[in-house]
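Chemist: One structure is given below, represented as structure tokens, and several questions about it will come after.
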Amino acid sequence: MTLWELTKRVNTEIRPERFDEEKHYTREGEVHCTSSAFLVNETLDKALVVYHNIYDSYTWVGGHNDGERDFLSVAKREAMEETGISSLTLFSSKPVHLGFLPVKEHVKRGEIVKAHTHLNVTFAFLVSERETIRVKEDENSDVRWIKIDDLCTLSKEPHMIPVFRETIENLRCIASEKREALQKLPEKLLPWYDENKRDLPWRKDKDAYRVWVSEIMLQQTRVEAGKAYFERFMRELPTVYDLATCSEEKLMKLWEGLGYYNRARNMQKTAKLIAEKGEFPRTKEELVSFPGIGAYTAGAVASIAFDQKEPAVDGNVVRVLSRITEEYRVDPKELFSSMLRPIYPDRAGDFTQSLMELGATVCLPNGDPLCERCPMRELCQARKNGTIDLLPVLPKKREREKKNIFVYCIRTPNGVALRKRTSGVLKGMWEFPSFEEECLSSLPIEHAEVTEIRTHTHIFTHVEWNMTCYFLTAEHTSFETYREDEIRKNLSIPSAFRWILK
Ligand code: SF4
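In my numbering, the protein residues as written are 7 to 508.
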């Protein structure tokens, strides 16, 4: 939003000739742009204020834009400088105050500053009360948390009292719009879900085992690709008892291509415990006590299979809810779970799935959301405020570690050399012998010849392998060897190595 648009919202009476955008961003014009931060705690009942030396009164923090056009970053910077806080989160992109404020003549650093007007934009930010605070001696003499309504009584500037009152009112109004958007979710989403839900194999019934397997599979694969894996898995292992008793080799083969093999191993550990127990756990508390079941999976199984009012908040749901409530906190999974729990309707499983469905088919992960088709479009705060692109706020990505890996695909008359990895990523999985250093000359092979060298990059979540593969023929090797048809049929080769087989 440009300054002119902001100003029009403040005062439609302003004479255009009085308005010189260039000058007002600096201190040259008769109006100076200033950006302020109204710092509030998470429960919105306290404000962090400073005793400002110039105004001789408690007030919010802020400062001149001095040529800077990004009001938000000026407000943020000033808040940090004036109070010493190191972290704050935008509450809403909608200003809590936008208006002209008179500034009387005063002395600053020994110089007289003539009376002038501030065009002030104030944003609310959330700050933890645990943050360390300090004064900035040349600007303020106190920084403190006060009850939010005490700001009007503490202020010694009569003209600011209605401004603060209006600001607090605006803050509460934004909070109530966010709350209302959230509370309307069940009534808006359930009818939409009934009309629009996709026909997916794991939705054919509410069997807890099927729900659980599908949720684990879908954590790492797209729905379309997941369908075939799910159907094959259910054909081979139709009950939790089948999963509990199948061989690890068979399980890995069924999981081949899905990655995250530990998830499959944990599923089998859990299946064994459930088989011993004789029944599937029904509550979130019970479910999270099993290997590989986290808060999300437990919520999904408890709500979808047993209609318990338990939210299941994953990245998709975070995206949808961050936009609907214009939430800027990083990783708000727990926050959203606690906000959703009290509004869960009786059709708990359908509500959980409706949120997932909205994230998968309308409020899309990649690309523009299809807001025109969204049942929440009238209530969505990010849509109203034009901030869809900013949300969700994602945590900073950990830089991927890069590793050079040397792989040896050794073919002998008896078969291909293969072994199980004993450490690191893919521990316990089959591999063509691989090393972090080039060791062709020390391999346990006889009468060998390199026929081809190929390179390949494989990306894991936190590691990137830059692989160099030597294709060799040898008369003999002391590595275990396996026939190629046996490898293809029975052994699960992770995709980091499967390209070598092709
Ligand atoms: S209105 Fe648009 S941005 Fe908001 S939830 Fe719906 S699809 Fe997502």
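Virtual Cβ for every residue (Gly too), placed ideally from N, Cα, C.
Since this is a predicted model, take the numbers as computed values, not measurements.
DSSP on Asn17, reduced to helix/strand/coil?
Modeler: The residue given as residue 17 occupies position 11 in the sequence shown. In this prediction, Asn17 scores a pLDDT of 49, lower than 50, which makes its location untrustworthy; no coordinate-derived value is stated.
Chemist: Lys100 lies in the alpha helix (DSSP H); which residues open and close that run?
Modeler: Within the sequence shown, numbered from 1, the residue matching residue 100 stands at position 94. Unbroken run through Lys100: none, as it is neither H nor E.
Chemist: Heavy atom of the ligand SF4 less than 7 Å from the Cβ of Pro375, yes or no?
Modeler: Numbered from its first residue, the sequence shown carries residue 375 at position 369. It does: the Cβ of Pro375 is within 7 Å (strictly closer) of some heavy atom of the ligand SF4.
Chemist: Since Ser447 sits in a beta bridge, which residues does DSSP pair it with?
Modeler: By one-based count along the sequence shown, residue 447 stands at place 441. BP columns for Ser447 are empty, so no partner.
Chemist: What residues are listed by DSSP as bridge partners for Thr461?
Modeler: Position 455 of the sequence shown, counting from 1, holds the residue named residue 461. Bridge partners of Thr461: Thr474.
Chemist: Can you list, in chain order, the residues of its chain whose CB lies under 7 Å from that of Met7, leaving out five sequence neighbours each side?
Modeler: Within the sequence shown, the letter at position 1 stands for residue 7. Below a pLDDT of 50, predicted positions are generally treated as unreliable, and Met7, at 49, falls in that range; no measurement from the model is reported.
Chemist: If we count the other Cβ atoms within 10 Å of its Cβ and call it buried at 16 or more, is Val456 buried or exposed?
Modeler: For the purposes of this step, residue 456 is identified with residue 450 of the sequence shown, where counting begins at 1. Answer is exposed; the Cβ neighbour count stays below 16.
Chemist: Could you name the residues of the same chain whose beta carbon sits closer than 7 Å to that of Leu446, not counting the 5 residues immediately before and after it, in chain order?
Modeler: Taking the first residue of the sequence shown as position 1, residue 446 is located at position 440. So the list reads Tyr476, once near-sequence residues are dropped.
Chemist: How long is the line joining the alpha carbons of Arg504 and Leu243, rounded to whole angstroms?
Modeler: Along the sequence shown, read from residue 1 onward, the residue named residue 504 stands at position 498. Along the sequence shown, read from residue 1 onward, the residue named residue 243 stands at position 237. Distance between the alpha carbons of Arg504 and Leu243 is about 24 Å.
Chemist: Kindly identify the DSSP beta-bridge partner or partners of Asp148.
Modeler: Position 142 of the sequence shown, counted from the first residue, corresponds to residue 148. In DSSP, Asp148 forms a bridge with Tyr57.
Chemist: Which residue spans inside the region 321–400 form an unbroken alpha helix (DSSP H) run of at least 4?
Modeler: 321–330, 339–346, 354–367, 387–391, all fully within the region 321–400.
Chemist: Tell whether a beta-carbon distance below 8 Å holds between Ala181 and Phe131.
Modeler: Counting from 1 along the sequence shown, the entry for residue 181 is found at position 175. Counting from 1 along the sequence shown, the entry for residue 131 is found at position 125. Cβ atoms of Ala181 and Phe131: not closer than 8 Å.
Chemist: Just grab the DSSP bridge partners of Gly105 for me.
Modeler: Within the sequence shown, residue 105 is the residue found at index 99, counting from 1. Note: Gly105 sits in a beta bridge opposite Asn126.
Chemist: Can you tell me which residues form a DSSP beta bridge with Phe412?
Modeler: The residue labelled residue 412 in the question sits at position 406 within the sequence shown. Phe441, Thr474.
Chemist: Going straight from the alpha carbon of Pro375 to that of Gly365, what length do you get?
Modeler: Taking the first residue of the sequence shown as position 1, residue 375 is located at position 369. Taking the first residue of the sequence shown as position 1, residue 365 is located at position 359. Whole-angstrom Cα-Cα distance: 9 Å.
Chemist: Okay, do the region 459–473 and the region 488–508 touch, 3+ Cβ pairs below 8 Å being the bar?
Modeler: Yes, they touch.
Chemist: Assuming Lys142 and Glu87 make a contact with CB atoms under 8 Å, what is their CB distance in whole Å?
Modeler: In the sequence shown, counting from the first residue as 1, residue 142 sits at position 136. In the sequence shown, counting from the first residue as 1, residue 87 sits at position 81. With a Cβ gap of about 6 Å, Lys142 and Glu87 count as contacting.
Chemist: Helix, strand or coil, according to DSSP, for Trp261 in the structure here?
Modeler: Within the sequence shown, the letter at position 255 stands for residue 261. It is helical.
Chemist: Using only the alpha-carbon positions, how far apart do Asn126 and Ser92 sit?
Modeler: By 1-based counting over the sequence shown, the position of residue 126 is 120. By 1-based counting over the sequence shown, the position of residue 92 is 86. Cα-Cα distance, rounded: 23 Å.
Chemist: Since I believe His38 is in contact with His124 (beta carbons under 8 Å), could you give me their beta-carbon distance rounded to a whole number of angstroms?
Modeler: Translated into positions along the sequence shown, residue 124 becomes position 118. Translated into positions along the sequence shown, residue 38 becomes position 32. So it is a contact: roughly 6 Å between Cβ atoms.
Chemist: In angstroms, rounded to a whole number, what distance separates the CA positions of Glu201 and Glu486?
Modeler: Position 195 of the sequence shown, counted from the start, is the residue given in the question as residue 201. Position 480 of the sequence shown, counted from the start, is the residue given in the question as residue 486. Going by the C-alpha atoms only, they are around 56 Å apart.
Chemist: Between Asp62 and Lys162, how many whole angstroms is the CB-CB distance? I'm expecting something under 8 Å.
Modeler: Here residue 62 corresponds to residue number 56 of the sequence shown, with the count starting at 1. Here residue 162 corresponds to residue number 156 of the sequence shown, with the count starting at 1. Contact flag correct, Cβ pair sits at about 6 Å.
Chemist: Quick one, are the C-beta atoms of Gly105 and Ile139 less than 8 Å apart?
Modeler: In the sequence shown, counting from the first residue as 1, residue 105 sits at position 99. In the sequence shown, counting from the first residue as 1, residue 139 sits at position 133. No, Cβ-Cβ distance for Gly105 and Ile139 is not below 8 Å.
Chemist: From what residue to what residue does the beta strand (DSSP E) around Leu45 run?
Modeler: In the sequence shown, counting from the first residue as 1, residue 45 sits at position 39. Taken as a continuous stretch (DSSP letters only), the beta strand (DSSP E) holding Leu45 covers 37–46.
Chemist: Kindly indicate which three-state DSSP category Ala301 falls into: helix, strand or coil?
Modeler: One-based indexing of the sequence shown puts residue 301 at position 295. Three-state DSSP puts Ala301 in a helix.
Chemist: Taking 7 Å as the cut-off, is the C-beta of Met382 nearer than that to any heavy atom in the ligand SF4?
Modeler: One-based indexing of the sequence shown puts residue 382 at position 376. Indeed, a heavy atom of the ligand SF4 lies less than 7 Å from the Cβ.
Chemist: Ordered along the chain, which non-local residues of its own chain (more than five positions away) have a Cβ less than 8 Å from that of Leu341?
Modeler: Counting from one through the sequence shown, the residue named residue 341 turns up at place 335. Answer for Leu341: Glu333, Arg335, listed in chain order.
Chemist: Measure the alpha-carbon distance for Arg83 versus Leu54 and round it to whole angstroms.
Modeler: For the purposes of this step, residue 83 is identified with residue 77 of the sequence shown, where counting begins at 1. For the purposes of this step, residue 54 is identified with residue 48 of the sequence shown, where counting begins at 1. Taking the straight line from one Cα to the other gives about 15 Å.
Chemist: Less than 8 Å between the CB atoms is what I'm expecting for Ser147 and Tyr57, so what's the real figure, rounded?
Modeler: As a first step, residue 147 must be located in the sequence shown, where it is residue number 141. As a first step, residue 57 must be located in the sequence shown, where it is residue number 51. Confirmed, Cβ separation roughly 5 Å.
Chemist: At a cut-off of 7 Å, is Ala388 close to the ligand SF4 when judged by its beta-carbon and the heavy atoms of the ligand?
Modeler: Counting from 1 along the sequence shown, the entry for residue 388 is found at position 382. Checking the Cβ of Ala388 against the ligand SF4 gives yes.
Chemist: Taking the alpha-carbon positions, what's the Glu137 to Glu48 distance?
Modeler: If you number the sequence shown from 1, residue 137 lands on position 131. If you number the sequence shown from 1, residue 48 lands on position 42. Spanning the two alpha carbons is a distance of roughly 12 Å.
Chemist: Give me, in chain order, the residues of the same chain whose beta-carbon lies closer than 8 Å to that of Gln189; leave out the 5 immediate sequence neighbours on both sides.
Modeler: The residue given as residue 189 occupies position 183 in the sequence shown. Closer than 8 Å at Cβ, skipping near neighbours: Ile349.
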